[in-house]
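Peer 1: If you use the numbering used here, the sequence shown closes out at 801, no skipped numbers anywhere.
All residues carry an ideal CB built from backbone N, CA and C; glycine is no exception.
The structure under discussion is supplied below as structure tokens; questions concerning it will follow.
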Amino acid sequence: MQQGTLMRKVKSKSWKKQRYFKLQDDCMTIWYQSKRTGKIESAFSISDVETVREGHQSEVLQSLAEEFPPERCFTIVFYGRRGNLDLIAGSAEEAQCWVQGLRQLIEPRSFPLTSALVPGTWIRDWFQKADKNKDGRMNFKEVQRLLKMMNVDMNEDHALRLFQAADKSESGTLEGEEFVLFYKALTQREEVQSLFQDFSEDGKKLTLLELVDFLRQEQLEQEGTEELAMELIDKYEPSETARARHVLSADGFLMYLCSPEGSIFNPHHRVLWQDMSQPLCHYFISSSHNTYLIEDQIRGQSSIEGYIRALKRGCRCLEVDCWDGPNGEPMVYHGHTFTSKIPFREVVSTLGKTSWGSSFSPPPLTGASPPSSHPQRTEPSYPSPSWVLKGVCGADPSSAGSWGAASPKSPSPTLQELKHKILLKGKKIGRLEDTLDGPGDEAPDASDDDNGAEAEEERRRAKVGGTQHSPALQKDKESLAQALSDCVVYCKSVSFRGFQEARSHSRPSEISSLAEAKARKLIRDAGNEFVRHNAWQLTRIYPSGMRTDSSNYSPQEMWNVGCQIVALNFQTAGTEMDLCDGLFSQNGRCGYVLKPPFMRDEETAFNPSDPGSREGPGPTTLTIQVISGQQLPKVANSKDGAIIDPLVRVEIHGVPADQAHQETKYIENNGFNPRWDETLQFQLHVPELALVRFVVEDYDKTSRNDFVGQFTLAFANIKPGYRHIHLLSKDGTSIPPSSLFVHIRITE
């Protein structure tokens, strides 16, 4: 990699340009230049790279699958909304060299430390940014520029004292270890040092017993505390001598607090920790709306990238709107709009190749609309969606043997029973029983929602087709529809005609879809009945058709009544997607979260508008002391030299009685190490449904505050004690090493 590698940079099937790519000596920057002109076209930092995908895992590379083997192809995915970089290496060996090398470089940033012992890559990164003349040294003027870049408005005399203390050679510049000393002095954490000394008798180290006292008294660790203390020393103490003596230094203590074990998110809940043997309807399911769209709903781009991003984000309910395309090939796009189109085969192929990202790998639920018609087959002919599913997924959806079909009269299958299978949600010709016994003669359902919107959509589709077919052709159309219908086993779409009607005539294997407005009305008028309904049958909620900009509604009010499939526009960042990511970041990110016991009981008395209807203990008090922040990022598109005035807002999202927010004062001109030391307190009546969102904003007295960072998690996943909160960007991506330091107390 150090000598530069000639690879093809690809933007489309016809745009393939050869470029030299090289990793610079700082191991932090990659540039590429034109083979023809030698001009450097662009460069990017390793810190901008989120992940590297191997093979044909992009729309462009899939279109070149016949020309270039997957072993030579890879995609560099950047944080935020920057476009991906698709590359084709000269050989499989060169591709592997880059893929593995990039992964090793970005791996250490998983849990960066905002401490005196920050990883060397971060120190080098800051040095490169500040070393304006690139002479490998930093003078005081460059140090002042560095402080501005790091969001620090420091007194010039104090900055000069830090500079001179680190300049051991008295050369008037900093290099190598001198810069490390300067950085350590700059990142000194007084609040952590004070906490360390509260438990250290000599102020220099924590003995094993002193560390045990801290873990029990402050971190509320109850079981196996001595074993945990030994593990933390072995894992985070940088001094080999201290490890041998079973003591923890101040540096080791800070490393522990900044680690996953010191995070506000309970590390035991990061992995698969919930009961996965419950019926499907007993889980909240991470769900997307019009997954293929990566922009707006009217003119936006349809792309398999939408599916890849959603799956990588833990989504388990994907939407596939399938329509007739040229020569009858099934195409995926938003019908009756100007969105672009992608072949159905490419979508299914992507689903088959993309990792589900979960060790449990439960079934994604794929909603699909069958094509409105199938013209008589002429060469080239295209298979129906059902044949594509069978061919690409390697199984026949209608087969009980391959898809584990059970009697629709039986209770909803469990996640364990559905492991490694795909469920298809859609309309069905005839009864579900006929899937196993033979074709039925009942007509398909009129609609998939309460107001017949999808029935009207079907009529519009028929008008668009506008072609009179011969009886033979109509028979071919019906057989194809039957084949796709047979793929629907557990998730037959049915109209919703009221809770009483559903209880009397519906089955657990059926599902109803409701627009957000209809769902809100049901929540207001019959909250308890809605909760009971969702204890035995699936409900899908989708955004209003007025949300043409791909905005989102609040998923929390839908989860409050137990709706399992709350479909959101994953391409649109904001509070709504923060809540979605926050809920599903637990349980191994498998995309399934078990509902509380009182929401799985078909006779429950719970109503979210009446917190007293929940059986169990009284309100829970959540007390949060917001202590400090570390290396908060600058506001996007801010002026050079601008320093943020940060404040922290804590939001509670849950049942109406629990909805609340409080915020700290703002700190002027300090985004590097602001101190708040403020205490916020909340009463939670239904903590099982509560999500807690921490938001950092840049205060502005003349206009709306600017977003800086956020972190959202379910209340059930909060770990009490002194904890760090590692902030995320508006797009939900990590922005290391930015964090908050808080103290959490939970009492009943």
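1) State the beta-bridge partners of residue 128 as determined by DSSP.
2) Beta carbon of residue 334, beta carbon of residue 623: below 8 Å?
3) Cα-Cα, which of 88, 121, 798 and 158 is closest to residue 101?
4) Alpha carbon to alpha carbon, what distance is there between residue 636 and residue 63?
5) Please report how far the alpha carbon of residue 535 lies from the alpha carbon of residue 373, in whole angstroms.
6) For residue 682, write down the residues that DSSP places opposite it in a beta bridge.
7) Whose C-beta lies closer than 7 Å to the C-beta of residue 619 among residues of the same chain, with five residues either side of it excluded?
8) Taking the straight line between their C-alpha atoms, what separation do you get for residue 297 and residue 221?
9) Report the partner residues of residue 565 according to the DSSP bridge assignment.
10) Given this structure, state the Cα-to-Cα distance separating residue 688 from residue 375, to the nearest angstrom.
11) From what residue to what residue does the beta strand (DSSP E) around residue 620 run?
12) To the nearest angstrom, how far is the alpha carbon of residue 363 from that of residue 771?
13) Nearest to residue 538 by alpha carbon, out of 83, 570, 482 and 726?
14) Where does residue 322 fall in DSSP's three states?
15) Return the first residue and the last residue of the alpha helix (DSSP H) that residue 308 is part of.
16) Could you confirm whether any beta carbon from chain B is found closer than 8 Å to the beta carbon of residue 764?
17) One question on the structure: do residue 584 and residue 667 come within less than 8 Å of each other, judged by their Cβ atoms?
18) Can you tell me which of 756, 249, 320 and 336 puts its alpha carbon nearest to the alpha carbon of residue 773?
19) Here's the rule I'm using: 16 or more other beta-carbon atoms within 10 Å means buried, otherwise exposed. How should residue 555 be labelled?
20) Does the beta-carbon distance from residue 580 to residue 661 come in below 8 Å?
21) Going by C-alpha distance, which of 187, 60 and 633 is nearest residue 139?
22) Find the nearest neighbour of residue 142 within the set 110, 604, 122 and 692, judged by alpha-carbon distance.
23) What first and last residue would you give for the beta strand (DSSP E) that runs through residue 745?
24) Compute the Euclidean distance between the alpha carbons of residue 89 and residue 351, then round it to the nearest angstrom.
25) In angstroms with no decimal places, state the Cα-to-Cα distance between residue 81 and residue 599.
26) Using only alpha-carbon positions, find the residue among 274, 275 and 246 that is nearest to residue 802.
27) How do the stretch 758-769 and the stretch 741-749 stand: do at least 3 beta-carbon pairs fall below 8 Å, yes or no?
28) Apart from the five residues on each side of it in sequence, which residues of its chain come closer than 6 Å, Cβ to Cβ, to residue 264?
29) Can you find the residues in the same chain that come closer than 8 Å, C-beta to C-beta, to residue 718, ignoring five residues on each side of it along the sequence?
30) By DSSP, does residue 400 sit in helix, in strand, or in coil?
31) With distance defined between alpha-carbon atoms, name the residue in 191, 559 and 621 nearest to residue 568.
32) Can you give the Cα-Cα distance for residue 685 and residue 239, rounded to whole angstroms?
33) To the nearest angstrom, how far is it from the Cα of residue 284 to the Cα of residue 292?
34) Using CA coordinates, which residue listed in 672, 255, 358 and 249 is at the minimum distance from residue 268?
Peer 2: Result, derived from the coordinates:
1) Here residue 128 is taken as the residue at index 75 of the sequence shown, counted from 1. Answer is 106 and 139, bridged to residue 128.
2) The count along the sequence shown starts at 1 and reaches residue 334 at position 281. The count along the sequence shown starts at 1 and reaches residue 623 at position 570. Going by C-beta atoms, residue 334 is not nearer than 8 Å to residue 623.
3) Reading the sequence shown from its first residue, position 48 is the one you call residue 101. Residue 101 has its Cα closest to that of 158, out of 88, 121, 798 and 158.
4) By one-based count along the sequence shown, residue 63 stands at place 10. By one-based count along the sequence shown, residue 636 stands at place 583. Using only the alpha carbons, I get a separation of about 37 Å.
5) In the sequence shown, the residue the question calls residue 535 occupies position 482. In the sequence shown, the residue the question calls residue 373 occupies position 320. Each residue's alpha carbon lies about 18 Å from the other.
6) Position 629 of the sequence shown holds residue 682. Partner(s): 793.
7) Looking up residue 619 in the sequence shown gives position 566. Closer than 7 Å at Cβ, skipping near neighbours: 340, 594, 608, 611 and 612.
8) Here residue 297 is taken as the residue at index 244 of the sequence shown, counted from 1. Here residue 221 is taken as the residue at index 168 of the sequence shown, counted from 1. Here the alpha carbon of residue 297 sits roughly 32 Å from the alpha carbon of residue 221.
9) Reading the sequence shown from its first residue, position 512 is the one you call residue 565. DSSP, once it has assigned bridges, lists 592 as partnering residue 565.
10) Numbered from 1 along the sequence shown, position 635 holds the residue referred to as residue 688. Numbered from 1 along the sequence shown, position 322 holds the residue referred to as residue 375. Between residue 688 and residue 375, the C-alpha separation is close to 41 Å.
11) Taking the sequence shown and counting its residues from 1, the one referred to as residue 620 is at position 567. It spans 618-621 - the beta strand (DSSP E) in which residue 620 sits, taken as one unbroken run.
12) As a working note, residue 363 is residue 310 in the sequence shown. As a working note, residue 771 is residue 718 in the sequence shown. Distance between the alpha carbons of residue 363 and residue 771: 25 Å.
13) Position 485 of the sequence shown, counted from the first residue, corresponds to residue 538. Nearest C-alpha to residue 538: 482.
14) Along the sequence shown, read from residue 1 onward, the residue named residue 322 stands at position 269. Reduced to three states, the DSSP call for residue 322 is helix.
15) Locating residue 308 in the sequence shown gives position 255, where the first residue counts as 1. It spans 303-310 - the alpha helix (DSSP H) in which residue 308 sits, taken as one unbroken run.
16) The chain inventory of the structure shown lacks chain B, comprising one protein chain alone.
17) Residue numbering aside, residue 584 sits at position 531 when the sequence shown is read from its first letter. Residue numbering aside, residue 667 sits at position 614 when the sequence shown is read from its first letter. No, the Cβ-Cβ distance between residue 584 and residue 667 is not below 8 Å.
18) Residue numbering aside, residue 773 sits at position 720 when the sequence shown is read from its first letter. Checking every option, the nearest Cα to that of residue 773 belongs to 320.
19) Along the sequence shown, read from residue 1 onward, the residue named residue 555 stands at position 502. So residue 555 counts as buried.
20) Locating residue 580 in the sequence shown gives position 527, counting from the first residue. Locating residue 661 in the sequence shown gives position 608, counting from the first residue. Taking a C-beta distance under 8 Å as the contact criterion, residue 580 and residue 661 qualify as a contact pair.
21) Counted from its first residue, the sequence shown places residue 139 at position 86. 60 is the residue among 187, 60 and 633 whose C-alpha sits nearest the C-alpha of residue 139.
22) Against the sequence shown, residue 142 aligns to sequence position 89. The shortest Cα separation from residue 142 among 110, 604, 122 and 692 belongs to 122.
23) Along the sequence shown, one-based indexing puts residue 745 at 692. Run containing residue 745: 744-751, per the beta strand (DSSP E) assignment.
24) As a working mapping, residue 89 is identified with position 36 in the sequence shown. As a working mapping, residue 351 is identified with position 298 in the sequence shown. Just so you know, the alpha carbons of residue 89 and residue 351 end up roughly 40 Å apart.
25) Residue numbering aside, residue 81 sits at position 28 when the sequence shown is read from its first letter. Residue numbering aside, residue 599 sits at position 546 when the sequence shown is read from its first letter. Residue 599 has its alpha-carbon roughly 45 Å from the corresponding atom of residue 81.
26) The first residue shown for the chain is 54 and the last is 801, placing residue 802 beyond what the model contains.
27) Because the criterion of three Cβ pairs below 8 Å is met, the stretch 758-769 and the stretch 741-749 touch.
28) Locating residue 264 in the sequence shown gives position 211, counting from the first residue. Counting only Cβ-Cβ distances below 6 Å, and skipping sequence neighbours, we find 282 and 301.
29) The count along the sequence shown starts at 1 and reaches residue 718 at position 665. The residues are 700, 729 and 731.
30) Translated into positions along the sequence shown, residue 400 becomes position 347. Judged by DSSP in its simplified three-state form, residue 400 adopts helix.
31) Within the sequence shown, the letter at position 515 stands for residue 568. Measuring from the Cα of residue 568, the nearest candidate turns out to be 621.
32) Taking the sequence shown and counting its residues from 1, the one referred to as residue 685 is at position 632. Taking the sequence shown and counting its residues from 1, the one referred to as residue 239 is at position 186. Between the C-alpha atoms of residue 685 and residue 239 there is a straight-line separation of about 14 Å.
33) As a first step, residue 284 must be located in the sequence shown, where it is residue number 231. As a first step, residue 292 must be located in the sequence shown, where it is residue number 239. Within the model, the alpha-carbon separation for residue 284 versus residue 292 is close to 15 Å.
34) The residue given as residue 268 occupies position 215 in the sequence shown. Ranking the options by Cα distance to residue 268, first place goes to 249.
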